[in-house]
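This report concerns only the one structure given below.
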């Protein structure tokens, strides 16, 4: 088993060696003037991880995070009214984005829909979720519509008007969310019409329809907790926040404690691997060698009989899949390594038990990869909100606002990105160490089991920094 | 298909430096396993 783990480690390292330099598609960065070469940051980050690992092994002998303790610090006044208001705002924003996409200018820069969906929604909400908790749940438009419909049906037809929802299939778990996020990433990174406002608006309507049908079949809560791709993803990231909003109360908890309580139902590992893998491919797909290889793959597909555009999309789809599989393989390496310790834990049991350790890494990748895009592109909302259709209107007097690319230096962006990656992976190590202490019979076995998670964490850190570095060249 | 990769080695050779920390940790783990095996032959 140990030999198998070593061979797997060699294969993953070899594969990483074969990977080319890459740039980030959405990472907008200027010229940096760093005091040391970028690769040295990867070495430094690995050093921080190794020191953290040793410190955990010696200074953290018993589990400390396994028990979730929360303290209510604020009872929100008029919580129900606030929930209704937030839901209404969410529905209004959704309607504006869809209307802008369908009725507005079809130029992606002039229309509100692409910027809102790709930057404010997909990048901004994860940042907010980590900082202030699961705010998306309050503003979730399809949840608000479903709750309103259920309330209305109960008022009109009485309590018996709605039949009991079907039991949500346990085996399905979070797989619908994982598949949904993969499909969204496919649209964002592969689909040729990804920036087309009307196409995006139609897809948003289709997404909402699927959510409403799902909630009507399986119930609002079970569906949202398992199968709403964005809802599940954002709530997963919100578990890292020390703030927890529930039932009209705001509770605080230890940092990282929320994610420890994650129920590792089927599809959870897949969801996190999809999050990390698709973010990585966003950078990788702009790299030199991918851009050398992709046309060749496209040519092969064209020789089979596909058109040029379809062939290129198939090539990118394959690349996206390979990156997700590579991330999954790296995690699997850590799991197989843990099995060498000798205790009778199955690979599936370990994979699920340590799934939550990937969540801070997913967030770290997201911050590192999209921080610059968010800082710049979110500014575009200043003029888009005044002219959402791109027809020359000036609703709030900010239509002439511009993006200030100078408000933060390229070096500052780099340090934030590197810092996010290091902190995210140290958090991953802490979570893995604490879970190992709870799972293994003694402290020594727990530490030994984590040797391989250290490889995984150093691997993810190096991969993340390498992607960032290439983006900055 | 792989020819362009090597033809442009100047563009990406520094990428290898990013793998070095992973290789160092893997080698260190291999050494640890080897030493543990030598100390206790009963161990797998």
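Residue numbers (the numbering used here), protein chains in the order written: chain X, 129 to 601; chain L, 257 to 300.
Ideal Cβ placement from N, Cα and C applies to all residues, glycine included.
Since this is a predicted model, take the numbers as computed values, not measurements.
**Study point:** Exposure of residue 636 of chain X, with buried meaning 16 or more beta-carbon neighbours within 10 Å
**Key:** Not covered by the structure: residue 636 of chain X. The range shown for chain X is 129 to 601.
Review point. Nearest to residue 247 of chain L by alpha carbon, out of X/163, X/552, X/519 and X/171?
Key: There is simply no residue 247 of chain L to check, as chain L begins at 257 and stops at 300 in what is shown.
Check your understanding: For chain L, is any of its Cβ atoms less than 9 Å away from the one on residue 147 of chain X?
Key -> In this prediction, residue 147 of chain X has a pLDDT of 39, which is less than 50 and means its spatial position is unreliable; what the coordinates show is noted afterwards. Chain L, which has a Cβ nearer than 9 Å to the Cβ of residue 147 of chain X, makes this yes.
Review point. Expressed to the nearest angstrom, what Euclidean distance is found between the alpha-carbon atoms of residue 280 of chain L and residue 303 of chain X?
Key: 36 Å
Point to revise | For residue 535 of chain X, the first and last residue of its enclosing alpha helix (DSSP H) | key: Element bounds for residue 535 of chain X: n/a, residue is neither H nor E.
Exercise for review: Measure the Cβ-Cβ separation of residue 247 of chain X and residue 491 of chain X and say whether it is below 9 Å.
Suggested key: no
**Study point:** Proximal residues of chain L, C-beta to C-beta of residue 590 of chain X below 7 Å
**Key:** 274, 275, 277 and 278
Review point. Do you know offhand how far residue 200 of chain X's Cα is from residue 380 of chain X's?
Key: 6 Å
Review point. Beta-carbon of residue 291 of chain L versus every beta-carbon of chain X: anything under 9 Å?
Key: no
Check your understanding: How close, in whole Å, do the beta carbons of residue 557 of chain X and residue 181 of chain X come, if the pair is a contact with beta carbons under 8 Å?
Key -> 6 Å
Review point. Taking Cβ positions, are residue 377 of chain X and residue 204 of chain X nearer each other than 9 Å?
Key: yes
**Study point:** Buried/exposed call for residue 453 of chain X, threshold 16 Cβ in 10 Å
**Key:** exposed
Check your understanding: Between the Cα of residue 518 of chain X and the Cα atoms of X/593, X/382, X/230 and X/384, which residue gives the shortest distance?
Key -> X/230
Practice item. Indicate the three-state DSSP secondary structure (helix, strand or coil) for residue 572 of chain X in the structure shown. Key: helix
Check your understanding: Hey, is the region 494-501 of chain X in contact with the region 541-551 of chain X, meaning 3+ C-beta pairs nearer than 8 Å?
Key -> yes
**Study point:** At least three beta-carbon pairs within less than 8 Å, the region 291-308 of chain X to the region 339-358 of chain X
**Key:** yes
Practice item. Can you give me the Cβ contacts of residue 368 of chain X inside the same chain, cut-off strictly under 7 Å, excluding the 5 residues immediately before and after it? Key: 258, 384, 386, 387, 487, 488 and 491
Check your understanding: residue 285 of chain L CB to nearest chain X CB: under 9 Å?
Key -> yes
Practice item. On a CA-only basis, which of X/420, X/512, X/506 and X/421 is nearest residue 535 of chain X? Give me that one, please. Key: X/506
Exercise for review: Run down chain L in chain order and give the residues with a C-beta less than 7 Å from the C-beta of residue 167 of chain X.
Suggested key: 270, 273 and 274
Practice item. Run through the region 410-488 of chain X for me and flag every whole beta strand (DSSP E) of 3 or more residues, listed as ranges in chain order. Key: none
Review point. Beta carbon of residue 225 of chain X, beta carbon of residue 306 of chain X: below 9 Å?
Key: no
Point to revise | Assigned secondary structure, residue 389 of chain X (DSSP; H/G/I helix, E/B strand, else coil) | key: coil
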